[in-house]
Each structure stands twice: as structure tokens, then as C-alpha cells.
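Student: Sharing a structure, written as C-alpha cells. Questions coming.
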Amino acid sequence: QVQFEESGGGLAQPGGSLRLSCRAPRAIFSVFAPLDLGWYRQAPGKQRELVASIGRSTTYADSVKGRFTITRNNSRKTLWLQMNSLKAEDKAVYYCDTLPAPDSWGQGTQVTVSL
């Protein structure tokens, strides 16, 4: 099973920042560079949604545009999501993976935004 490994979640105050990291599984190292990758999130009681993607260009969900930044380093096989100006509604489990969305997911990393 090929799964990405997310990290960097935690508790942040409203208006605060977190930086999520994602390491690709070794099985896809050789094909990592051309892959379209994304950060997804799933809030309690809601469907999983794509919040940011990076390939030849970057895209963002309207809800995070201007606050989140997705970056990648193909040499390090790593993807990041810089999250600034966090809001309570950003609370979710965050996952990274390829686009289109896979059939199975990694563990994700929990982000909680609260005073």
C-alpha cells in the first residue's frame, strides 16, 4: 500500500500559523517529480475536500486562498502546506496525496484551531 506520511499538525490559535509536511512513499520516488499533488482535508461530519494542489501551477480552494501556500521539493520528495491566518473552520484532518484523489489514504495530521 502506497501512502504518504503527513506531519506538522497541532493546535493553533485563531490567526496563528502551522506548517504541514508530507513525505512521499519510497515506492513513488522515481515518478514523484511530474506528479500533480494536493493537500486535502476532512472536517468532522464533512466530506474530504481538496484545499490546494501543485503541478504545473498551483490552485487553492476559495476558503483558503490568500492564507495557505503549497510548495514542494522534488529532490526531497516532500510537499508542504503553510497555513497562515488560521480560522476555526480550518480544523480538520489534513492529508496529502496525488491528484486525482486516491482510493486509500494515509493517517493524515490533525489541525485544531482554538483559543
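Heads up: the sequence shown begins at 52 in this note's numbering, then just goes up one per residue. Positions of the beta carbon are idealized from the N, C-alpha and C atoms, including for glycine. The structure presented is a predicted model; accordingly, all values stated were derived computationally and were not measured.
Reducing DSSP to helix, strand and coil, say where arginine 107 ends up.
Tutor: Taking the first residue of the sequence shown as position 1, residue 107 is located at position 56. Coil at arginine 107, not helix or strand.
Student: If we require 4 or more residues per run, which alpha helix (DSSP H) segments fall completely within the region 73-122?
Tutor: none
Student: In three-state DSSP terms, what is alanine 139?
Tutor: Working through the sequence shown from its first residue, we reach residue 139 at position 88. The answer is helix: DSSP assigns alanine 139 an H, G or I state.
Student: Leaving out five residues before and five after glycine 67 in sequence, what residues of the same chain have Cβ atoms less than 6 Å from its Cβ?
Tutor: Against the sequence shown, residue 67 aligns to sequence position 16. Cβ neighbours of glycine 67 beyond the five flanking positions: Leu137.
Student: Helix, strand or coil for alanine 63, going by three-state DSSP, please let me know.
Tutor: For the purposes of this step, residue 63 is taken as residue 12 along the sequence shown, with counting starting at 1. Three-state DSSP puts alanine 63 in a strand.
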